[in-house]
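For the sequence shown, position 114 matches number 295 in the numbering used here, and the numbering has no gaps at all.
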Amino acid sequence: MQRRLAAITGIQGYIPDYVLTNAELEKMVDTNDEWITARTGIKERHIMKEPGKATSDMGKIMVEGLLQKTGTHPDEVELVICCTVTGDMVFPDTANIICDKVGIKNAFAFDIRAACSGFLFGLTTGSKFIEAGTHRKVIVIGVDMMSSIIDYTDRATCIIFGDGGGAVMLEPAEDGYGIIDSVFHGDGSGAKYLHMKAGGSLKPPSIETVTNREHFVYQEGKAVFKSAINGMVDTIRDVMSRNHLSKSEIQWLVPHQANIRIIDGVADMLEFDKSKVMVNIQKFGNTTSGTLPLCLWEWEPRLKKGDNIILTAFGGGFTWGSTYLKWAY
Ligand code: COA
């Protein structure tokens, strides 16, 4: 008997209107368009500027669009997973807040905080509820409002991150289509290179933590850079070999958008045709949990039923991995 699989049956992205350009960053920190473009590939990122708006407001727009696109009534949704490191509050989970804002009343909902690998981990977690046969409509959201945790006086991080993301609907798939396999890893010893110093139980917020600017992303870029390339390349190779896939059989590689040099490094090491690699980092920067759904959303009109797609990510934790899916529509 063939294994029951879950497939993405719809996708809806969202990015806030405000565009933060390299020219504007030049006025905020000691940097320039040439450096940012050459070292990261980023030209613009979108920022949620509306006062009082949070990650759940972006999630709400994505989920409302997704329900409309897939012809789904909110009552039919059984599970909502929100992948984010910038939830509205430390608790409760933002997935619950999104459900309330959208009017989803029959679902249980929770967050996944796996940083830039969040959406991949969420996609596989959500698909397992469908594979088990217990759930038929699962929404997975990858969204971050990175501007809420970025220090706009730190030129090494403020040039990289943006806000936005996307939501997908998962449903039982026709034979052979859907999310087929994932290779995931974690290594907590990498936490020292990419984290937020305060605000958790280790260092609760205080006047001192605020004064020391410890509620922002801290990153040692070089250490993350090297691990990111190796982690993505290794897991892409593993997932390809486990599923007897050759390069020519893969239609699309969807890499986490952290740095164009990382994306190029991965493609070069695998000798992967760059025309098959999704890249939109120049427009959106690194939206953490949002990058992969933003790519799929943008490329959706070009995807064909049966396309073999590999998604890959690396992020804070460290967390990393690759997922193989066969596009279902
Ligand atoms: N503008 C101008 N100069 C800058 C700069 C900026 N925005 N940011 C850093 N620099 C300077 C540094 O101060 C340093 O100067 P120095 O040599 O005088 O000390 C020099 O540029 C090189 O800095 P470095 O940090 O070594 O640059 P880099 O080439 O490693 O690029 C990152 C920095 C952050 C872009 C890069 O390391 C990166 O993308 N890392 C991985 C990010 C990632 O994958 N995150 C993980 C998942 S989210």
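Using N, Cα and C, we set each Cβ at its ideal position, and we do this for glycine too.
| Item | Value |
| --- | --- |
| Any non-hydrogen atom of the ligand COA within 7 Å of Ala409 CB | yes |
| Beta-carbon spacing of Gly347, Ile228 below 8 Å | no |
| Cβ pair Glu231, Leu201 closer than 8 Å | no |
| Alpha helix (DSSP H) segment containing Glu430, residue limits | Taken as a continuous stretch (DSSP letters only), Glu430 belongs to no alpha helix (DSSP H), as it is neither H nor E. |
| Whole-angstrom distance between Met377 and Cys280, CA atom to CA atom | 27 Å |
| Where Ile311 falls, given that 16 or more other Cβ within 10 Å makes a residue buried | buried |
| Cβ-Cβ distance between Thr267 and Thr236 below 8 Å | yes |
| Pair within 8 Å by beta-carbon distance, Met350 and Ile189 | yes |
| Coarse secondary structure for Gly446, derived from DSSP in three states | helix |
| Straight-line gap, Arg483 to Pro273 (C-alpha atoms, nearest Å) | 38 Å |
| Bridge partner(s) assigned by DSSP for Asp325 | Gly345 |
| Cβ-based burial, Pro436 [other Cβ within 10 Å; buried from 16] | buried |
| Beta-carbon proximity list for Ala515, same chain, < 6 Å, skipping 5 on both sides | Residue 515 is absent from the structure shown; the chain starts at 182 and stops at 510. |
| Exposure label - Pro511; buried when at least 16 CB within 10 Å | An answer regarding residue 511 cannot be provided, because it is not within the stretch 182 to 510 covered by the chain. |
| Which of helix, strand or coil DSSP assigns to Asp256 | helix |
| Contact set for Gly367: own chain, Cβ-Cβ below 6 Å, skip 5 residues either direction | Gly498 and Thr500 |
| Unbroken beta strand (DSSP E) run spanning Ser503, endpoints | Thr500 to Lys507 |
| Extent of the continuous beta strand (DSSP E) to which Phe512 belongs | Because the chain spans 182 through 510 in this model, residue 512 falls outside it and cannot be assessed. |
| Boundaries of the alpha helix (DSSP H) in which Gly194 is found, first to last residue | Here Gly194 belongs to no alpha helix (DSSP H); instead the beta strand (DSSP E) covers Ala187 to Tyr195. |
| Inter-stretch contact at 8 Å, needing at least 3 Cβ pairs: the segment 433-450 / the segment 387-401 | no |
| Helix, strand or coil at Leu484 [DSSP, three-state] | coil |
| Classification of Asp449 by the beta-carbon crowding that lies within 10 angstroms, buried from 16 upward | exposed |
| Beta-carbon proximity list for Gly471, same chain, < 7 Å, skipping 5 on both sides | Gly323, Val324, Asp325, Gly345, Gly346 and Gly347 |
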